Amino acid sequence: MKEALRILRVILAAELRQHLRDPLTLLLMVVVPLVVYPLLGAVGAEVVRRSQERADAQVLVVAIEPAFAIPDNLRRIDVAELEAAVRDGTVDAAARRTTEGAELWWDSREPDSLDARARLRAALDDLRTATATRRVETHDTMTKAEKTRQTAAGMLPLLLLFTLLTGGLYTALDVVTGEKERGTVETLLTTAVDRRLVLGGKFLLVLVFTGLSTVLSGFSSWMSARFLLDMDLPATTVALAVLLFLPMAVLLSAVLCAAAAWASDFKSGQVLTMPVLIVPLLLAGAALLPGIRLTAITAVLPVTGLALALREVVCERVDPLLLTLAFSAHAGFAAAALYFGSRLIGREDVILGSRGSSQRRLRGDYRADALTLFAIACLCLWFLGQTAQALDIRAGMAFTQLGLFVPLALATPWWLGLPVVGTLRLHTAPFREWLRAVVVGVSMPGLALCVGELVGLVLPAPTSLFEGMFPDAMPLWQLLLFFAVLPGICEELLFRGAFFGLWRSRGPSGVAVVVTALAFGMFHLSLFRFFPTMVLGLLLGFVSIRSRSVIPGMLAHALNNGLAMVALSFGWAVEFGWPMVVAGAVALLALVLP
Amino acid sequence: MIVATALRKSFVNAEGQPVVAVNGVSLEVGRGEIVGLLGPNGAGKSTTMRMLATLIAPDAGTARVAGHDVVLDPAAVRRGIGYLSASTGLFGRLTPREVLVYIATLQGCTDAAERAEALLDRFDIRRFSTVPCDRLSTGMKQKVSIARAVVHDPEVLIFDEPTSGLDVLVAQDLFSFLEDARARGRCILYSTHIMGEAERLCDRVVVIHGGVVLATGTVAELRAQTGRDRFEDVFVQLVRGDPA
Numbered sequence: 000m001k002e003a004l005r006i007l008r009v010i011l012a013a014e015l016r017q018h019l020r021d022p023l024t025l026l027l028m029v030v031v032p033l034v035v036y037p038l039l040g041a042v043g044a045e046v047v048r049r050s051q052e053r054a055d056a057q058v059l060v061v062a063i064e065p066a067f068a069i070p071d072n073l074r075r076i077d078v079a080e081l082e083a084a085v086r087d088g089t090v091d092a093a094a095r096r097t098t099e100g101a102e103l104w105w106d107s108r109e110p111d112s113l114d115a116r117a118r119l120r121a122a123l124d125d126l127r128t129a130t131a132t133r134r135v136e137t138h139d140t141m142t143k144a145e146k147t148r149q150t151a152a153g154m155l156p157l158l159l160l161f162t163l164l165t166g167g168l169y170t171a172l173d174v175v176t177g178e179k180e181r182g183t184v185e186t187l188l189t190t191a192v193d194r195r196l197v198l199g200g201k202f203l204l205v206l207v208f209t210g211l212s213t214v215l216s217g218f219s220s221w222m223s224a225r226f227l228l229d230m231d232l233p234a235t236t237v238a239l240a241v242l243l244f245l246p247m248a249v250l251l252s253a254v255l256c257a258a259a260a261w262a263s264d265f266k267s268g269q270v271l272t273m274p275v276l277i278v279p280l281l282l283a284g285a286a287l288l289p290g291i292r293l294t295a296i297t298a299v300l301p302v303t304g305l306a307l308a309l310r311e312v313v314c315e316r317v318d319p320l321l322l323t324l325a326f327s328a329h330a331g332f333a334a335a336a337l338y339f340g341s342r343l344i345g346r347e348d349v350i351l352g353s354r355g356s357s358q359r360r361l362r363g364d365y366r367a368d369a370l371t372l373f374a375i376a377c378l379c380l381w382f383l384g385q386t387a388q389a390l391d392i393r394a395g396m397a398f399t400q401l402g403l404f405v406p407l408a409l410a411t412p413w414w415l416g417l418p419v420v421g422t423l424r425l426h427t428a429p430f431r432e433w434l435r436a437v438v439v440g441v442s443m444p445g446l447a448l449c450v451g452e453l454v455g456l457v458l459p460a461p462t463s464l465f466e467g468m469f470p471d472a473m474p475l476w477q478l479l480l481f482f483a484v485l486p487g488i489c490e491e492l493l494f495r496g497a498f499f500g501l502w503r504s505r506g507p508s509g510v511a512v513v514v515t516a517l518a519f520g521m522f523h524l525s526l527f528r529f530f531p532t533m534v535l536g537l538l539l540g541f542v543s544i545r546s547r548s549v550i551p552g553m554l555a556h557a558l559n560n561g562l563a564m565v566a567l568s569f570g571w572a573v574e575f576g577w578p579m580v581v582a583g584a585v586a587l588l589a590l591v592l593p
Numbered sequence: 000m001i002v003a004t005a006l007r008k009s010f011v012n013a014e015g016q017p018v019v020a021v022n023g024v025s026l027e028v029g030r031g032e033i034v035g036l037l038g039p040n041g042a043g044k045s046t047t048m049r050m051l052a053t054l055i056a057p058d059a060g061t062a063r064v065a066g067h068d069v070v071l072d073p074a075a076v077r078r079g080i081g082y083l084s085a086s087t088g089l090f091g092r093l094t095p096r097e098v099l100v101y102i103a104t105l106q107g108c109t110d111a112a113e114r115a116e117a118l119l120d121r122f123d124i125r126r127f128s129t130v131p132c133d134r135l136s137t138g139m140k141q142k143v144s145i146a147r148a149v150v151h152d153p154e155v156l157i158f159d160e161p162t163s164g165l166d167v168l169v170a171q172d173l174f175s176f177l178e179d180a181r182a183r184g185r186c187i188l189y190s191t192h193i194m195g196e197a198e199r200l201c202d203r204v205v206v207i208h209g210g211v212v213l214a215t216g217t218v219a220e221l222r223a224q225t226g227r228d229r230f231e232d233v234f235v236q237l238v239r240g241d242p243a
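Protein chains in written order, with numbering that gives the first Met the number 0: chain C, 0 to 593; chain D, 0 to 243.
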């Protein structure tokens, strides 16, 4: 028994060693799922908040007697037939007085109508209070059959996508990764056939399987709707839905084949194709949200656009222009995926070489480790750091920066057996680099503000974005310590130190700066702050490249944050204007000067 | 039929350092000739053969195989060669007959079915011709692989250690096939670890080590050059540079 336990322990240790040497597996199987949900949750919450703000500001049209007091964001018009006016969209909602109280009509197919109903309800509640015990009779003009169809229409894209992906996933892994492993790809490559045709044949096979899965699940869902849900969907609608999904089948087949080719063996193939399974399902899930509609903008969003188009088709709200737009955009995505996929698969090292992540690490490629570090840092910040900050902002900030970021930055190169000082670039720098850091640090807020202004043109930030972020009653020295000095040192050590140091193990430093800046932007967990923080990350990255050290960037980062804290403390209104543009230009100029 | 001049190929090794696997290898193989490529593990034999088979591109140097340049016209080269190595697998869910027809069709043969039938007899695999390749023994699989490599009757054969894992009987079948191919004027480049095979089959031998050609000549010439009688001793002396 004792011997058996010893053997089990030895085997477990050897297995663990092997798996821990594959950072990609750890990253994608453990860390990514833990990071993806908080990230999506935060972005989703911001989007919902913003769309709510916008919806609240929008004036909706209602048909209601002048006797009702209505809020400012409702406009009253007169119509003859209330129910018909709601159904045909002349008004968003309607209400009238009855002998027993009031009647209210809305159409739950339309998000605006649901909003108008909510606003009218408040008015009717006031009336009910005033007139005591009178009841409000409610009528949804959407029929029960239409409701069933709406629900089914939201589910159908997910269903089709799921069967498409499961149909294509195993096939792609088998014919690309599996055949690489079994040596049959090499057998085919020894024939006179063009390498692209060999891979094209494999892609077509995956496409046939994904297409077949889509057609069969379309047929099966049509039959189920007809006989189980008693929903009479015309065959032409189902055919149109399946046709719409064809670019999706091409797009995902190409992505699956490329991911499968990139993998060195079946196991890493499964790991690499996992995001191809998860991300499209999340994107298609948007079609389930009632507030998101098919517009010229949403039509061109990958996967989401087609899912929404499909929903509209099933609900028989066909707008040929928007459907064509969604179809063409996805045909374009599919063509791009095919082009890049074929270029990737055509590479000698991809199709013939061994590309295991453990081999990559042995060859001095630490990019997967950089991503793992990023994911762990995100988890630490979101789950530990923010919890600590919610309990006590000062202690929480100190814990996050000194207790989480610094140990992570120092431990990662040590764990990987790399020189800590060299990887983090904890070197001294010449005087002019310190000067450059000061100029960039002081002028950087201007550039961030300019970027924020530009982004705001496309994606207006909610007014409440920075509210409550910094405690009002904190003295300036504490604001500077906890929000400028500590982040300046610790975040630089983590991003421009450890993450950048690992990423630049392969490829040009410029690319490493951009990737580090992207990670830095995402780290702040806000859709609206993403671009300004990414630009700050870019500037700090170039400061660190110019100085060949992480330390001057710490000064620039601290100065940037410090200025914001001073402005906050003294109540200065910092707004976009020419001085900010000039400051931004100075920051850029300081970077390019010798 | 094969003329390689100063071929060079480097990779990145496990320590992240660039390693030159093949460093200026030149060799020639003529019509009706079997040339053995001999060398210890990691000598650069397989890399050289893979470059000649156009599976990987050389970093430098040139090679013409079956009358075509391996870089400028790789498809024409592949049409004229039969390549076999440990890493060229068989389609496990296809039968030997299906494999042969499939590859012959890809190689542009209009009479793929007839060629497949002829090879089923030539290599004595007709009895297993309807069994999926996954279920064949190692020897039978190798016979199917050899038939697969020559199904389009190429002028040049590049065989990388084709007898590894084979029993004596199957190896004998292979030798007789290669001797027959030589008699029909085919050009054969053959790598092996087994000195007896080189002595028996090869008209000339190219000894390669560390990516560099150490010696070229007939078995007799190499014996004379080293002053050793056993061919294993000849090889060891050439590779180590000292008496075995």
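Cβ atoms here follow ideal geometry from the backbone N, Cα and C, with glycine treated the same way. Note that the structure is a prediction, hence the values are computed from the model and not measured.
Look at Y189/D here: in three-state DSSP terms it is strand. For P95/D, the enclosing alpha helix (DSSP H) stretches over residues P95 to L105. Any Cβ of chain D closer than 8 Å to the Cβ of V192/C would place that residue at the interface, and such an atom is present. One Cα belongs to K142/D, the other to G164/D, and the distance between them is close to 12 Å. Not one beta carbon of chain D lies nearer than 8 Å to the beta carbon of R5/C.
Membership of D139/C in any alpha helix (DSSP H) is not indicated; the residue belongs instead to the beta strand (DSSP E) covering R134 to D139. Distance from the CA atom of A148/D to the CA atom of G177/C, rounded to whole angstroms, is 21 Å. Rounded to the nearest whole angstrom, the C-alpha separation of P507/C and D152/D is 48 Å. In the three-state reduction of the DSSP assignment, S267/C falls in the helix class, which pools H, G and I.
Sorting D228/D, R199/D, G107/D and T94/D by C-alpha distance to the C-alpha of L119/D places T94/D at the top. Our two residues, A3/C and K266/C, have alpha carbons roughly 28 Å apart in a direct line.
Here the C-alpha atom of M222/C lies approximately 17 Å from the C-alpha atom of L157/C.
Across the set C256/C, E136/C, A115/C and L448/C, the C-alpha of C256/C shows the shortest separation from the C-alpha of L168/C. Listed along chain C, no residue sits closer than 8 Å to F158/D by beta-carbon distance, the nearest being about 12 Å off. In this structure, A253/C places its C-beta atom within 8 Å of the C-beta atom of G340/C. With respect to chain D, the C-beta atom of T170/C has no partner C-beta closer than 8 Å.
Per the DSSP secondary-structure output, S9/D pairs in a beta bridge with V19/D. Scanning the stretch 140-196 of chain D for uninterrupted alpha helix (DSSP H) segments of 4 residues or longer gives 167-182, listed from N- to C-terminal end. Under the three-state reduction of DSSP, R75/C is assigned to strand. In the three-state DSSP reduction, A13/C falls in the helix class (H, G or I). Here W414/C is exposed, its C-beta having fewer than 16 other C-beta atoms within 10 Å. Residue nearest to E97/D within the set F127/D, D68/D and A74/D is F127/D (criterion: CA-CA distance). Here the stretch 30-47 of chain D lies against the stretch 189-206 of chain D, with 3 or more beta-carbon pairs under 8 Å apart. Leaving aside the five residues that flank A586/C on each side, the residues in its chain whose CB is nearer than 8 Å to its CB run, in chain order, V438, V439, S442, M443, G445, L446 and L538. Of the other Cβ atoms in all chains shown, 16 or more fall within 10 Å of the Cβ of D159/D; this residue is therefore buried. Taking 8 Å as the upper bound for CB-CB distance, L492/C and A408/C are in contact here, some 4 Å apart. In the three-state reduction of the DSSP assignment, S107/C falls in the coil class.
CA-to-CA, the gap between R547/C and H426/C works out to about 8 Å. Rounded to whole angstroms, the Cβ separation of D91/C and V61/C is 6 Å, and the two are in contact under 8 Å.
Per DSSP, the beta-bridge partners of E32/D are C186/D.
Note that the C-beta distance between T46/D and T186/C is not below 8 Å.
By a beta-carbon distance limit of 8 Å, E198/D contacts F230/D. Their separation comes to about 5 Å. With respect to chain C, the C-beta atom of S86/D has a partner C-beta closer than 8 Å. Of the candidates F161/C, F218/C, F244/C and A238/C, F161/C places its Cα closest to the Cα of L281/C. In the pairwise beta carbon analysis, the stretch 553-565 of chain C is classified as not touching the stretch 109-118 of chain D: fewer than three pairs are separated by under 8 Å. Counting the other CB atoms within 10 Å of its CB gives N40/D a total below 16, which places it among the exposed residues.
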